[in-house]
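See below for the structure under consideration.
Numbering (this note's numbering), first residue to last: -4 to 256.
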């Protein structure tokens, strides 16, 4: 379902539910006064932006036109944690504004951090992705969405077989919050952290450079109240292993506010 705004930006998206909610990337609609949703059959509907998550590049739209005569078929979100490297997927979108296009590939890697934001946890695939594919779904063979196309890595700006998608499991919580409240709330513990270098790991007798080194804890914050101090290394959070520094913010952000961990 290609999307077009008055600033002539093009992107892709997919139907989330029968009420007319559409999922796409934040960067496709960011700053737009009006968004048009164009379906593969040529029908065009006006939509409003319900809410966005700039950190994770997700936007939820709501078609505002009367669509009672239109049959909307939502794409189900799969369990992206079950994905395996080498598994076949297809990407659907609107590259260069050409219209509905499908490309095929495999899962190249999981949990990729490409330093786009604080919570990078991308699925990497080799399915050709180009400008205009942003916001479109990556699906398994049964049509279940495993990820949302978000970025490519290329010196030329064209596809070189390195594309990145937001995992469906991460997107579920974001979409749920936007749909229910129109905004995003993330867990927070109040620490400044840094990488565990080889020298630090060796000095503390750690077998590997794992965890997040606390450089300071915000006075009166959750971590400070719990007794976390500068020099501590957080190896696990809520029974989830902290493999490296950048893993901690992702786990914390995805933890419900008010939950004891």
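Positions of the beta carbon are idealized from the N, C-alpha and C atoms, including for glycine.
All of these numbers come straight from a predicted model, not from anything done at the bench.
Would you list the one or two residues that DSSP bridges to residue i?
i: residue 263; result: Residue numbering for the chain in the displayed model covers -4 to 256; residue 263 lies beyond these limits and cannot be assessed.
i: residue 119; result: 104, 159
i: residue 50; result: Residue 50 is not bridged to any residue.
i: residue 214; result: DSSP, once it has assigned bridges, lists no residue as partnering residue 214.
i: residue 225; result: Per DSSP, none; premise fails for residue 225.
i: residue 132; result: 143
For residue i, which option in the options has the closest C-alpha, if you only look at C-alpha atoms?
i: residue 180; options: 36, 140, 157, 251; result: 251
i: residue 21; options: 13, 15, 30, 14; result: 30
i: residue 24; options: 10, 42, 38; result: 42
i: residue 160; options: 219, 35, 171, 147; result: 147
i: residue 85; options: 55, 215, 37, 135; result: 135
i: residue 174; options: 48, 36, 40, 92; result: 48
i: residue 149; options: 172, 123, 54, 133; result: 123
i: residue 127; options: 19, 253, 256, 254; result: 19
i: residue 59; options: 9, 14, 78; result: 14
i: residue 35; options: 77, 27, 67; result: 67
i: residue 73; options: 133, 188, 171; result: 133
i: residue 170; options: 195, 78, 38, 55; result: 55
i: residue 137; options: 71, 53, 193; result: 71
i: residue 225; options: 193, 188, 140; result: 188
By Cβ distance below 6 Å, which residues in the same chain neighbour residue i in space, the five residues on each side in sequence not counted?
i: residue 131; result: 7, 87, 88, 144
i: residue -1; result: Only weak support exists for where residue -1 lies, its pLDDT of 49 falling under 50; the coordinates are left without a value.
i: residue 108; result: 115, 241
i: residue 92; result: 5, 127
i: residue 83; result: 101
i: residue 80; result: 102
i: residue 90; result: 96, 125, 127, 128
i: residue 76; result: 164
Can you find the residues in the same chain that come closer than 8 Å, C-beta to C-beta, to residue i, ignoring five residues on each side of it along the sequence?
i: residue 121; result: 100, 101, 103, 156, 157, 158
i: residue 217; result: 183, 184, 185
i: residue 237; result: 205, 206, 207, 229, 230, 231, 243, 246
i: residue 191; result: 201, 204, 205, 206, 207, 208, 228, 239, 240
i: residue 219; result: 185, 212, 213
i: residue 253; result: none
i: residue 168; result: 249
Tell me which residues share the same chain as residue i and place their Cβ nearer than 7 Å to its Cβ, disregarding the 5 neighbours each side in the sequence.
i: residue 272; result: Because the chain here runs from -4 to 256, residue 272 falls outside it and cannot be looked at.
i: residue 177; result: 45, 46
i: residue 223; result: 186, 209, 212
i: residue 12; result: 69
i: residue 106; result: 116
i: residue 256; result: 232, 233, 250
i: residue 10; result: -4, 17, 67, 68, 69, 70
i: residue 57; result: 15, 16, 42, 43, 45
Mind checking residue i: buried by the 16 CB within 10 Å criterion, or exposed?
i: residue 1; result: Below a pLDDT of 50, predicted positions are generally treated as unreliable, and residue 1, at 43, falls in that range; no measurement from the model is reported.
i: residue 142; result: buried
i: residue 162; result: buried
i: residue 197; result: exposed
i: residue -3; result: Residue confidence for residue -3 is low, a pLDDT of 48 falling below 50, so the modelled location carries little weight; the figure read from the coordinates is stated next. The residue is buried, with at least 16 neighbouring Cβ atoms inside 10 Å.
i: residue 94; result: exposed
i: residue 151; result: exposed
i: residue 28; result: exposed
i: residue 119; result: buried
i: residue 199; result: exposed
i: residue 221; result: exposed
i: residue 52; result: buried
Heavy atom of the ligand NAD less than 7 Å from the Cβ of residue i, yes or no?
i: residue 131; result: Inclusion of the ligand NAD in the displayed structure is not the case, the ligand content being empty and no account of it being possible.
Is the CB of residue i under 8 Å away from at least one CB in chain B?
i: residue 139; result: Here there is only one protein chain, and chain B is not present.
query: Which runs of the alpha helix (DSSP H) fall wholly inside the segment 140 to 166 and span at least 4 residues, in chain order?
result: For the segment 140 to 166, not a single whole alpha helix (DSSP H) run of length 4 or above is found.
field: Any beta strand (DSSP E) of 3 or more consecutive residues that is wholly inside the segment 53 to 90
entry: Restricted to the segment 53 to 90, the beta strand (DSSP E) segments that are unbroken, complete and at least 3 residues in length are 53 to 58, 83 to 88, listed in chain order.
message: Quick check on the DSSP output: what are the complete alpha helix (DSSP H) runs of length 4 or more inside the segment 181 to 212, in order along the chain?
response: The DSSP assignment places 193 to 198 as complete runs of the alpha helix (DSSP H) inside the segment 181 to 212, in order along the chain (cut-off: 4 residues).
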